[in-house]
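Encoded as structure tokens, the structure appears first; notes follow it.
2 protein chains.
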Amino acid sequence: MGFRKNIRRVTPYVPGEQPQEKVIKLNTNENPYPPSKKVQETLAGLNPAKLRLYPDPAATKLVTALADYYGVSQEEVFAGVGSDDVLAMCFLTFFNGEKPVLFPDVTYSFYKVWVELFKIPFSCQPVDENFKIVKTDYFTPNGGIIIPNPNAPTGIFESLTVIEEIVAGNPDSVVIIDEAYIDFGGESALPLIKKYPNLLVVQTYSKSRSLAGLRVGYALGNKELIKALNDVKYSYNSYTMNEYAIELGTAVLKDEAYFKESTGQIMETREWAKEALEEKGFTCLDSRANFIFAKHERVPAKEIFEKLKEKGIYVRFWNDERIKDYLRITVGMRVEMEKLLAEIEGILA
Amino acid sequence: MGFRKNIRRVTPYVPGEQPQEKVIKLNTNENPYPPSKKVQETLAGLNPAKLRLYPDPAATKLVTALADYYGVSQEEVFAGVGSDDVLAMCFLTFFNGEKPVLFPDVTYSFYKVWVELFKIPFSCQPVDENFKIVKTDYFTPNGGIIIPNPNAPTGIFESLTVIEEIVAGNPDSVVIIDEAYIDFGGESALPLIKKYPNLLVVQTYSKSRSLAGLRVGYALGNKELIKALNDVKYSYNSYTMNEYAIELGTAVLKDEAYFKESTGQIMETREWAKEALEEKGFTCLDSRANFIFAKHERVPAKEIFEKLKEKGIYVRFWNDERIKDYLRITVGMRVEMEKLLAEIEGILA
């Protein structure tokens, strides 16, 4: 039958494995700590009878809480089902030109999937030998720009001076800074949204807020961009955020102390683990994220990856030319990193 | 600045109002009864600490429960964030031809929004003077077909014989039957998916399961269609269903008694309210949904709509040529319908 010819064929994104057994899971950049106690408290006060009603399509409560938290107006905040949903909406909303959308060649692998899905012309700009983006590559005619900062899977943070130059130098493009990992030592481009109407900053609850399971992401930008995003969102699905995402997502912003403490702890563990890895012959990039990108001087990354997996420790490895020497290791709790290091010692021996 | 030229401009779907005050809400086809007690029980057993982890991207637990419930295999079920998410994915996945996608002119208004969003050619096939679809209109060359059964906002159910003829007569098209309201007295096309590889049936938890606030919808169809949908889903957002949608969505299927009782009660109230409305000079279409589509012999629908709103009773009215004489009234609890009828009596007096 001919119905097959009109089916969209895509190469889907492959997420990191989600093993159901008891393993040490350092492969998808989840936070090792539980979410704030505010989540449990709020949950206890929610009435499931309310679920019979549609949620507020504008997720006003959550959007207002985010606006207050970041000191912007409600009209400058867009919320979605994780930052993947927000970013997919952004691609669909802002990248409709004929010129290529630009992003680094070594970056979040979903970008390439979205441009394929939505048939958007694109160009991958190679990062340099130190995995740094080359600023001048982004001063070429384009239909939009997206750069993660810190970048994934390298963890490298680019200075706001460079980010601002790129935003300022591309007034004809929407420039998206994907800040999924910003809360682990980077500096957000958020203050620049007041100055540049073409800048959008995207963040998520999945890493620093320990709420990957809740699916909450958001974009911050000037009113015009946010309105365009909302128009597309309302044309796709009016009610994307369920009752729990709205309520628990609002509650978690009210525990700054725990947020600072847990992200601080992760940064401390990261620096400690990085040093310990380096003592074992690894080179680690300077990460401002909740993971370490590391290559060993002697043993291939693939071998370490596979042997760790046998031992019940999951890290991430890509068999891609430019990064095949590296492992991406999520920063877990200190005790998990100690077990990782012990197993690595055995593998290297 | 020129960045505006690449922004996708759309006319977004306008959902029914979600007033925050205490009103009688008969405007968005929500279920008047709370969800099954299984929801509360399951919620009490969930550990918020688990939210730090990404949910299962395949929502295996929910998909398996749905497969068991409907007597199909896991590979024949796709789950999404409400049936709007499922349907939007379907439009993106299956409607990529050059010929027009066909759907009735009087129907769920989101279809027109999706074809515009994804730039899909389409043709609205006029329903007849009794709001019935004209079967032969669907035997013309097309790039896909979507028909809601029962239809919205009329509530009219089309026989499975006609549905099967349309599916069988269009082997070169994916035919989607949108069964959002099927549990209120209709007969599902589900058994036909074994016979027709081009048929997809879409249903939702938002009406008959009293879980509009949870955002769960699903598609049932042969493996090949479900795989194509999953590929597109994984290219859009790997993790669409949050932990609560998966867990509570699974639990609610385990309370068939309550499901039968509450949907039965709504059908009973519907038939009673329909008769009461007819006694007051309304003509009501024969509804197999949880709403009544009614027109008064004398007083314009718009006037009744506005006056009811002043009294704190929300129903739905569209200022569209073909349906501007009608009100769509969600079937609430008996006591709500009594209040509605009392206010209508005052308005008509």
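Protein sequences appear in the order of chains A and B.
Numbering follows UniProt numbering, in which position 3 of the first sequence is assigned residue number 3; successive positions increment by one, without gaps.
Numbering follows UniProt numbering, in which position 65 of the second sequence is assigned residue number 65; successive positions increment by one, without gaps.
Ideal placement from N, C-alpha and C gives every residue a C-beta, glycine not left out.
Remember, predicted model here, so these are calculated numbers, not experimental data.
- For B:I176, there are no C-beta contacts with chain A under 8 angstroms, since the nearest C-beta of that chain is about 11 angstroms from it.
- Segment contact: the region 220–237 of chain B against the region 6–14 of chain B, fewer than three CB-CB distances shorter than 8 angstroms; contact not assigned.
- Ranking A:I182, A:Y239 and A:V162 by CA distance to the CA of B:T28 puts A:Y239 first.
- Contact of B:K50 with chain A by beta-carbon distance below 8 angstroms involves G213.
- Judged by beta-carbon spacing, B:D172 lies beyond the 9 angstroms limit of A:F184, meaning their Cβ atoms are not closer than that value.
- The beta carbon of A:G264 does not come within 9 angstroms of any beta carbon belonging to chain B, so the residue lies off that interface.
- With a 10 Å radius around the Cβ and a threshold of 16 neighbouring Cβ atoms, A:V14 comes out exposed.
- Under DSSP, B:K295 forms a beta bridge with B:T283 and B:Y326.
- Around the C-beta of A:G264, fewer than 16 other C-beta atoms lie within 10 Å, and the residue is accordingly described as exposed.
- Taking a C-beta cut-off of 7 angstroms against chain B, the contacting residues of the region 224–235 of chain A are A228, D231, V232, Y234 and S235, listed in chain order.
- Under DSSP, B:G217 shares a beta bridge with B:G80 and B:T204.
- B:A180 is not a Cβ neighbour of B:V216, given a cutoff of 9 angstroms.
- Cβ-Cβ distances below 8 angstroms link B:F118 to F91, L92 and F95 in the same chain, with the five nearest sequence neighbours on each side left out; the list follows chain order.
- Scanning its chain for C-beta atoms nearer than 6 angstroms, with the 5 sequence neighbours on each side dropped, one finds around A:R334 the residues T269, in chain order.
- Not a single C-beta of chain B is nearer than 9 angstroms to the C-beta of A:P153.
- Scanning B:F110, B:T154, B:N130 and B:K5 for the CA closest to the CA of B:I146 turns up B:F110.
- Beyond the five residues adjoining it in sequence on each side, B:E247 comes within less than 7 angstroms, by CB distance, of T42 and L46 in the same chain, given in chain order.
- Scanning its chain for C-beta atoms nearer than 8 angstroms, with the 5 sequence neighbours on each side dropped, one finds around A:Y70 the residues V77, L190 and L220, in chain order.
- Sequence-distant partners of A:E30 (beyond 5 residues in either direction) whose C-beta falls short of 7 angstroms from its own C-beta, in its chain, are A212 and T330.
- Taking every protein chain shown into account, the CB of B:N319 has fewer than 16 other CB atoms within 10 angstroms, so this residue is exposed.
- Within the region 101–127 of chain A, the complete beta strand (DSSP E) segments at least 3 residues long are 101–104 and 122–125, listed from N- to C-terminus.
- Contact annotation: B:P35 and A:A49 have beta-carbon atoms nearer than 9 angstroms.
- Residues of chain A whose Cβ lies closer than 8 angstroms to the Cβ of B:T93 are, in chain order, I7 and R8.
- As a beta-bridge residue in DSSP terms, A:R316 pairs with A:R328.
- The C-beta distance from A:V175 to A:N198 rounds to 6 angstroms, short enough to fall under 8 angstroms.
- A:V14 sits in coil when the DSSP states are folded into three classes, being neither helix nor strand.
- Three or more Cβ pairs drawn from the region 100–110 of chain A and the region 150–158 of chain A lie within less than 8 angstroms of each other, which places the two stretches in contact.
- One thing to note: B:N142 has its Cβ within 9 angstroms of the Cβ of B:K99.
- What B:Q40 touches in chain A, judged by beta-carbon distance under 8 angstroms, is P48, going in chain order.
- The C-beta separation of A:I163 from A:I177 comes to about 6 angstroms, placing the pair in contact by the 8 angstroms criterion.
- Cα atoms of B:T250 and B:K61: separation of roughly 7 angstroms, rounded to the nearest angstrom.
- Taking the CA atoms as reference points, B:T64 sits about 8 angstroms from B:S73.
- Look at the beta carbons and you see the region 295–305 of chain B touching the region 266–285 of chain B: at least three pairs across the two are nearer than 8 angstroms.
- DSSP lists no bridge partner for B:D172.
- Y239, T240, N242, E243, Y244 and A245: these are the residues of the region 239–262 of chain B whose beta carbon lies less than 7 angstroms from some beta carbon of chain A, given in chain order.
- The three-state reading of DSSP puts B:D178 in strand, counting E and B together.
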